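Going line by line, the protein sequences match chains A and B. Sequential numbering from 1 applies to the first sequence in this note's numbering. Sequential numbering from 1 applies to the second sequence in this note's numbering.
Number of protein chains: 2
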Amino acid sequence: MTDNASTETSDQPHVLPRGIRFAGVACGIKASGKRDVSMIVTDRPAVIAGVYTTNQIVAAPVVLTRSKTPTASGRVVLTNSGNANACTGEEGMQNAQTMCQQAADLVGCDPSDVMVMSTGVIGHPLPMEKVQSGIQSAFDNLSDDEEAYLASADAICTTDQFRKTASSTVTIDGHDYQITAMCKGAGMIAPNMATMLGVITTDAPIGPDAAHASLKSIADSTFNRVSVDGHTSTNDTVMLVATGLTDSKGASELSSDGLALWQEAASQVALRLAKLLVADGEGAARFFEVRVSGAASDSDALQIAKSVAASPLVKTAITGGDPNWGRIVSAAGYAGPKITPDRTTLVIDGVTVFENGTPQKIDAAKLSAAMKANSEVLADLRVGDGPGKASFWASDLTEAYVRFNSLYTT
Amino acid sequence: MTDNASTETSDQPHVLPRGIRFAGVACGIKASGKRDVSMIVTDRPAVIAGVYTTNQIVAAPVVLTRSKTPTASGRVVLTNSGNANACTGEEGMQNAQTMCQQAADLVGCDPSDVMVMSTGVIGHPLPMEKVQSGIQSAFDNLSDDEEAYLASADAICTTDQFRKTASSTVTIDGHDYQITAMCKGAGMIAPNMATMLGVITTDAPIGPDAAHASLKSIADSTFNRVSVDGHTSTNDTVMLVATGLTDSKGASELSSDGLALWQEAASQVALRLAKLLVADGEGAARFFEVRVSGAASDSDALQIAKSVAASPLVKTAITGGDPNWGRIVSAAGYAGPKITPDRTTLVIDGVTVFENGTPQKIDAAKLSAAMKANSEVLADLRVGDGPGKASFWASDLTEAYVRFNSLYTT
């Protein structure tokens, strides 16, 4: 059974799936000298599925990788950071293809078995000489130890302040399966992916179509429920790599019950990553959860929660530890879905500030102090008597975010 | 004919419409001691129309005033600032009614002929003793001179750094008509009104239904095309007061041709106010126009322009004078309407940075210097070959905005 407690944070040791090797190296794309090429290679052909940005302006690697998944013959997930290879025209597509060809030659597979991801600045051609030396070096450093996995997780980061990893073990029908994942943030984070890249690796035996459906469901309930700045990126990609290499007892493809168990465990891992991603939002000082109930449907509730989470006025109130609840209620009011104002109730960190359309007498200074003392704030909003509910997680909006993003390229 | 050049800024003297008096006084709702009660009274029953916030959470004065317009027997537009009378439950509605009754008693009309607007903090009961002394004092100070009009425009402001007024004279069929207007910003500014209040007064003879239709059209092309922070408020209201008192030659109700001329002139006045509102956005340092063309329809173009204008990453790039055009193009890509990436071209302040899907070689430092030297930036974005086009105006996003809104109530 799934044991949520086994979902570890990045501080804890990770057990890696069988049949997979990792590497993360620096090749000079990043002026800082930090790692910028990540390579994940399976020992044998593996199932690889992907979910991608919904932006119509998509980077060349997204166009290319999207055309290859889901597949049962995948071997490589190759990522560069520091340059998004987005809005780079025909040259960008050629560069993405060159990266795949080089990795395929090294690994000994077809270029169609290599998935490529890029993240970083938009609109600049990739420095291919550096990238190619990076790919060679990553290949030379592939290893199945935790150090290599962590280096790989480092190498997909851009403005992230810390690497984001999570893992879990799930036992299904007597077999132990590993789920070990990584992702990166940290700006352009919005629903329907973000400038986020993620890779979930597992040794569970899952077919390509099941892997695709499962990954989509996992992403919808985790990565698509977080927001830093509401800007959906050109590059967002989450990959699922399933080697199907189980313990010595052997195992056939997971049954639908088994897949459900695996998906629940993988969702916990992905949710952990999604929350790390929000906590590490550019300039984020505080992190908040908007929990909406009483809407007509779950999708209505999600739309309302997103509207609250996206409001700069709500975000700045969270930054200031300011229980300015009118901003939250009014953001629900313009979200779109029907709400019932005189059945609307808001509870912030356990304090009822607005009940059935009427403001409550509260000790605002005390509530503000409590909000400021926590790194997380919970806004629990009931908008009527319907059955719909949803949660959404977002970072606040700080002067540091503005400072950082005013100075990004020039 | 309409003479756009006659649309004056707030620095210039305003000619007031005939048959209308103004007052703006301080009654202590604002701790600062600034003016906080505005009163506009017509000499005789006048046409009053209104357009209102689309937020489902609406302030008591919006509920009340919305139920009274359009009308041909209007006499008063009464506004308090410093307190929005929003999310104030049953007590809030009683207070709004009390304000109308008091003004009606003073002016000698029915409470249904009094329109009330409020703006300021959400969720606090109105200090009615102060408000009532303010209404008396405003009535005592009513005057048809420019000083009273400017005091009235001051009294509707909240966090505005300057009052916003504009006026124009339009000659139709030999008659001169005045259009004299005011509005306030400056946070919670988003399409479909904002926390904006506005009053357009005129002495043109316009019937109530025509006034309503005309006002809606004016607002859609002006106030609904500006954004500071994307947060649609609970209180937004724009009123049109038409006294129908013309020059000594007399005039009957405007013909449809005459109304079109009047509407064009009034739209110019409203656009002037809308731009002042953006320029005075909370913490705004720079102001930008997004002009979209080549979309499938005008409404698609507007949706794309809004998406670009709302992106915190675009806004912070404008703040920094950073020609980070990938943020603009990618915000168009996730807006929703169909775009054609390889027919997408972006020109920033006259410099083509991206043409038909391919980045152009530019002198980024030079373009950045030019952006920084201007208080306005123009992003001209073609997204395909369709006939749809739209303009949208927005403020940037600064550390000052964040600082200000982190500290608003507590």
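Yeah, the Cβ is synthetic: ideal placement off N, Cα and C, and Gly gets one too. It should be emphasised that the depicted structure is a prediction, and the values quoted were computed from it without experimental measurement.
At which residues does the beta strand (DSSP E) containing residue i begin and terminate?
i, result
"B/PHE22", "20-25"
"A/PHE162", "No beta strand (DSSP E) contains A/PHE162, which DSSP labels as neither H nor E."
"B/LEU197", "197-202"
"A/GLY321", "Counting along the chain, A/GLY321 falls outside any beta strand (DSSP E), and DSSP gives it neither H nor E."
"A/GLY50", "37-52"
"A/GLY82", "71-83"
"B/ALA390", "388-395"
Note the first and the last residue of the continuous alpha helix (DSSP H) segment covering residue i.
i, result
"A/HIS14", "No alpha helix (DSSP H) contains A/HIS14, which DSSP labels as neither H nor E."
"B/VAL131", "128-140"
"A/ALA211", "208-221"
"B/LEU273", "256-279"
"B/THR65", "60-66"
"A/SER299", "298-310"
"B/SER406", "399-406"
"B/LEU367", "364-373"
In the DSSP output, what is residue i paired with across the bridge?
i, result
"A/ASP380", "A/ARG291, A/VAL347"
"B/PHE354", "B/LEU346, B/PRO359"
"A/ILE119", "A quick correction: the sequence has Thr, not Ile, at residue 119 of chain A. Answer is A/SER81, A/ASN83, bridged to A/THR119."
"B/VAL238", "B/VAL51, B/GLY198"
"A/HIS175", "A/ILE172"
"B/VAL226", "B/TRP393"
"A/SER143", "A/PHE22"
Looking at chain E, is there any beta carbon in it that lies within less than 8 Å of the beta carbon of residue i?
i, result
"A/VAL402", "As a matter of chain content, chain E is missing from the structure shown, whose protein chains are A and B."
May I ask whether a heavy atom of the ligand ADP can be found less than 7 Å away from the beta carbon of residue i?
i, result
"B/ASP203", "In the structure on display, the ligand ADP does not appear, and there are no ligands present to speak of."
Q: Quick one: which residues of the segment 76-95 of chain A get their C-beta closer than 7 Å to a C-beta of chain B? List them in chain order.
A: Contacts with chain B (Cβ-Cβ distance below 7 Å) from the segment 76-95 of chain A involve ALA86, CYS87, THR88, GLY89, listed in chain order.
Q.
At a CB distance below 8 Å, what residues from the segment 318-341 of chain A approach chain B? Give them in sequence order.
A. Closer than 8 Å at the C-beta level to chain B, one finds these residues of the segment 318-341 of chain A: THR319, GLY320, GLY321, ASP322, PRO323, ASN324, TRP325, GLY326, ARG327, VAL329, SER330, ALA331, ALA332, GLY333, TYR334, LYS338, ILE339, PRO341.
Q) Does the segment 277-287 of chain B come close enough to the segment 347-366 of chain B to have 3 or more Cβ pairs within less than 8 Å? A) Flag = no, the segment 277-287 of chain B and the segment 347-366 of chain B do not touch.
Q) So, do the segment 249-268 of chain B and the segment 289-307 of chain B have three or more beta carbon pairs nearer to each other than 8 Å? A) These segments do not touch.
Q | Proximal residues, the segment 289-314 of chain A versus chain B, C-beta separation under 9 Å | A | For the segment 289-314 of chain A, which is checked against every Cβ of chain B, the residues closer than 9 Å are ALA310, SER311, PRO312, LEU313, VAL314.
Q) Which residues, in chain order, does the segment 118-143 of chain A contribute to contact with chain B at a C-beta distance below 9 Å? A) Correct list: VAL121, ILE122, GLY123, HIS124, PRO125.
Q) Quick one, which residues of the segment 26-60 of chain B are near chain A if we go by CB-CB under 9 Å, in chain order? A) Residues THR53, THR54, ASN55, GLN56, ILE57, VAL58.
Q) At a cut of 8 Å, does the segment 69-87 of chain B reach the segment 100-114 of chain B through at least three beta carbon pairs? A) By the Cβ rule, the segment 69-87 of chain B counts as touching the segment 100-114 of chain B, because three or more pairs are nearer than 8 Å.
(Q) Any C-beta of chain A within less than 9 Å: which residues of the segment 338-362 of chain B qualify? (A) Answer set for the segment 338-362 of chain B: LYS338, ILE339, THR340, PRO341, ASP342, THR344, VAL353, PHE354, ASN356, GLY357, THR358, PRO359.
Q: Within the segment 87-118 of chain B, note down every full alpha helix (DSSP H) run reaching 4 residues or more, in order along the chain.
A: Within the segment 87-118 of chain B, the runs of alpha helix (DSSP H) that reach at least 4 residues and sit entirely inside it are, in chain order, 89-107.
**Q.** Residues of the segment 387-399 of chain A whose Cβ lies closer than 8 Å to any Cβ of chain B, in chain order
**A.** Of all residues in the segment 387-399 of chain A, LEU397, THR398, GLU399 have a Cβ within less than 8 Å of some Cβ in chain B.
Q) Are three or more beta carbon pairs between the segment 312-329 of chain A and the segment 15-23 of chain B nearer than 8 Å? A) They do not touch, by the three-pair rule.
Q.
Beta carbons nearer than 8 Å to chain A: which residues of the segment 374-386 of chain B have them?
A. Along the segment 374-386 of chain B, there is no position whose C-beta sits under 8 Å from a C-beta of chain A.
(Q) Please list, in chain order, the residues of the segment 63-76 of chain A that have any C-beta partner in chain B closer than 9 Å. (A) Within the segment 63-76 of chain A, contact with chain B at the beta-carbon level (separation under 9 Å) is assigned to no residue.
Q) Are three or more beta carbon pairs between the segment 380-398 of chain B and the segment 341-360 of chain B nearer than 8 Å? A) Short answer: they touch.
(Q) When you compare the segment 234-243 of chain A with the segment 38-49 of chain A, are there three or more beta-carbon pairs, one atom per stretch, that lie closer than 8 Å? (A) Between the segment 234-243 of chain A and the segment 38-49 of chain A there are three or more C-beta pairs closer than 8 Å, enough to call the two in contact.
Q. Is the segment 79-97 of chain A in contact with the segment 369-376 of chain B, if contact means three or more CB pairs nearer than 8 Å?
A. Fewer than three pairs of CB atoms, one per stretch, sit closer than 8 Å, so the segment 79-97 of chain A makes no contact with the segment 369-376 of chain B.
Q: Indicate whether the contact test is met: 3 or more Cβ pairs, each with one atom in the segment 56-64 of chain A and one in the segment 322-338 of chain B, closer than 8 Å.
A: Yes, the segment 56-64 of chain A touches the segment 322-338 of chain B.
**Q.** Interfacial residues, the segment 148-172 of chain A to chain B, with Cβ spacing under 7 Å
**A.** Flagged: no residues at all.
**Q.** Interface residues of the segment 256-280 of chain A facing chain B [CB-CB below 7 Å]
**A.** Cβ proximity to chain B below 7 Å picks out nothing from the segment 256-280 of chain A.
Q.
With three or more beta-carbon pairs closer than 8 Å as the criterion, would you say the segment 399-407 of chain A touches the segment 395-406 of chain B?
A. Yes, the segment 399-407 of chain A touches the segment 395-406 of chain B.
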